[in-house]
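Let me begin by presenting the structure, written as structure tokens, before commenting on it.
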Amino acid sequence: MKAKHSLLVLDTVLSIMQRLVAWLIRHGITYVEFAQALKKVFLQQALLEAERLGSKKTDSALSLLSGLQRRDVQLVRTALEEQPIAAITRSTVPAEVIGKWLANQDIYPDALVFMSDNPEVMSFEKLVLSVSKDKHPRSILNELIRIKVVEWDEVQDTICLQHKAFLPDQASEQLYQLFARILNDHLAASTYNLETAGREKFLDQAVFADGLAPESIAILEQYSRKKWQAFMQEMLTFADILCEADKVKSNADQRFTVAMFNYAERQNMPVDVIPPAPTRD
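Counted from 1, the sequence shown has number 93 at position 93 by the UniProt record's numbering; the numbering is strictly sequential.
Spelled out as structure tokens, the structure:
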């Protein structure tokens with residue numbers, strides 16, 4: 001019999017999974033497909049847990065930790081070696097360029113010339129090269145134009161920032177990678193806090209408000225976006241200063257995420273309520 005705490009963890013995960021399962025079903029991914037794919041996740045996490053505990057990584061030990069049959073452990077281990085689960089990716093160069101641009105508005109104004117030989121004139125080319133020397137500035141510009149983050153006036157040779165954020169194309173793989181990274185980090189912070197006692201925890205707080213009219217929701221949404229824009233600008237500038245200072249440090253191997261979101265729906269439409277089955281005539 002499972003311990004009470006384990007059942008509480010399971011119930012919590014099932015509650016979270018409601019949204020994800022709804023998303024899977026909308027995109028034609030069935031339980032059978034998902035359960036099969038999930039074996040790789042369970043085995044990978046069992047391997048990491050065995051490493052954390054300093055225990056053996058035999059098929060029997062991993063079968064006990066993950067609940068997979070020993071035959072499945074062998075097959076899934078081979079599948080993991082051939083095709084590892086996609087790691088959470090770091091920011092792309094276009095995203096970092098926009099971040100650098102926003103973090104240094106006193107140096108890089110909203111309108112930049114593409115290139116300039118004058119060392120005192122900041123240009124888009126210099127901005128890109130300050131982030132990465134592996135990507136051609138024109139390639140980065142083309143991508144930012146494509147997703148409508150910037151506009152390029154070829155007559156004036158001026159590139160203008162259109163949005164105060166990097167917004168991947170709605171249909172691009174980058175958007176899904178960004179979704180995975182943000183949600184993964186939020187879950188990592190929350191689960192760490194739940195498992196941690198007596199140590200400093202990650203910031204993980206929220207404000208909830210019920211009984212609101214649609215017009216009030218619109219006001220709160222606009223207000224939260226405005227506050228986030230100001231906070232994001234401040235954090236980008238502060239983080240960029242620290243990144244530059246830490247370039248010479250041998251222990252500069254950490255990453256940091258801070259995020260904000262808002263959400264609204266009707267109170268009487270919970271996702272975990274199953275609608276009644278249709279009646280037959």
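Glycine is no exception: its CB is placed at the ideal position from the N, C-alpha and C atoms. In this text, all values refer to a predicted model and were calculated from it rather than measured experimentally.
Q: Would you please state the rounded distance, in angstroms, between the beta carbons of Lys100 and Val131? I believe it to be under 8 Å.
A: Reading the sequence shown from its first residue, position 100 is the one you call residue 100. Reading the sequence shown from its first residue, position 131 is the one you call residue 131. Yes, Lys100 and Val131 are in contact; Cβ-Cβ is about 5 Å, under 8 Å.
Q: Would you mind stating whether Ala103 and Leu236 have Cβ atoms separated by less than 8 Å?
A: As a position in the sequence shown, residue 103 is number 103, starting the count at 1. As a position in the sequence shown, residue 236 is number 236, starting the count at 1. Yes, these two residues count as a Cβ contact at 8 Å.
Q. Once you ignore the five residues that flank Ala239 on each side, which residues in its own chain have a CB closer than 8 Å to its CB?
A. For the purposes of this step, residue 239 is taken as the residue at position 239 of the sequence shown. Within the same chain, Ala239 has close Cβ partners Ala103 and Phe256.
**Q.** Thr191, enclosing alpha helix (DSSP H) - first and last residue
**A.** As a first step, residue 191 must be located in the sequence shown, where it is residue number 191. Segment Glu173 to Glu195, the alpha helix (DSSP H) holding Thr191.
Q. Rounded C-beta distance between Gly67 and Phe42? I'm assuming under 8 Å.
A. By one-based count along the sequence shown, residue 67 stands at place 67. By one-based count along the sequence shown, residue 42 stands at place 42. 7 Å between Cβ atoms; contact.
Q) Are the CB atoms of Asn193 and Ile88 nearer to each other than 8 Å? A) Locating residue 193 in the sequence shown gives position 193, where the first residue counts as 1. Locating residue 88 in the sequence shown gives position 88, where the first residue counts as 1. Cβ atoms of Asn193 and Ile88: not closer than 8 Å.
Q. My guess is that Val73 and Ser63 are in contact by the Cβ rule of under 8 Å, so how many angstroms apart are they, rounded?
A. Here residue 73 is taken as the residue at index 73 of the sequence shown, counted from 1. Here residue 63 is taken as the residue at index 63 of the sequence shown, counted from 1. Right, their Cβ atoms sit about 5 Å apart.
Q: Determine the DSSP secondary structure at Glu215, reduced to helix, strand or coil.
A: As a first step, residue 215 is located in the sequence shown; it is residue number 215 there, counting from the start. It is helical.
Q | Paired residues, beta bridge with Ile159 - DSSP | A | To locate residue 159, count along the sequence shown from 1; it is residue 159. Leu112 and Trp152, per the DSSP bridge assignment.
Q. What are the uninterrupted segments assigned as alpha helix (DSSP H) that are 4 or more residues long and contained completely in the segment 13 to 58, given in chain order?
A. 31 to 53
Q) Exposed or buried, Lys39, counting other C-beta atoms within 10 Å across all chains shown (16 or more means buried)? A) Sequence index remark: in the sequence shown, residue 39 carries index 39 (1-based). Buried, because 16 or more other Cβ atoms sit within 10 Å of the Cβ of Lys39.
Q) Roughly how many angstroms separate the alpha carbons of Ala251 and Ile241, rounded to a whole number? A) To locate residue 251, count along the sequence shown from 1; it is residue 251. To locate residue 241, count along the sequence shown from 1; it is residue 241. Residue 251 is actually Asn in this sequence, not Ala. Annotation: Asn251 to Ile241 spans about 17 Å, alpha carbon to alpha carbon.
Q. Among the residues of its own chain, which have a CB less than 7 Å from the CB of Ala24, if the five just before and after it don't count?
A. Taking the first residue of the sequence shown as 1, we reach residue 24 at position 24. Just to set this straight, residue 24 is Leu in the shown sequence, not Ala. Once the five neighbours on either side are set aside, the close Cβ partners of Leu24 are Phe34.
Q.
Using 8 Å as the cut-off, can you tell me whether the segment 132 to 145 makes contact with the segment 46 to 65, which would need three or more C-beta pairs spanning the two stretches below that distance?
A. no
Q. So what does DSSP say about Ser123, is it helix, strand or coil?
A. Within the sequence shown, numbered from 1, the residue matching residue 123 stands at position 123. Residue state, collapsed to three classes: strand.
Q: Can you tell me which of the three DSSP states Glu265 falls into?
A: Position 265 of the sequence shown, counting from 1, holds the residue named residue 265. Glu265: coil per DSSP, three-state reduction.
Q: List the endpoints of the continuous alpha helix (DSSP H) containing Val97.
A: For the purposes of this step, residue 97 is taken as residue 97 along the sequence shown, with counting starting at 1. Annotation for Val97: the continuous alpha helix (DSSP H) segment containing it runs Val93 to Ala103.
(Q) Let me check understanding here. Comparing Cα to Cα, which of Phe261, Gln254 and Lys249 lies closest to Trp228? (A) On the sequence shown, residue 228 is found 228 positions in, with the first residue counted as 1. Comparing Cα positions, the closest option is Phe261.
Q: Give the secondary structure of Glu81 by DSSP, where H, G and I count as helix, E and B as strand, and everything else as coil.
A: Position 81 of the sequence shown, counting from 1, holds the residue named residue 81. In this structure, Glu81 counts as helix in the three-state DSSP scheme.
Q. Does the beta-carbon of Val128 have 16 or more other beta-carbons within 10 angstroms, so that it is buried, or is it exposed?
A. Numbered from 1 along the sequence shown, position 128 holds the residue referred to as residue 128. It counts as buried.
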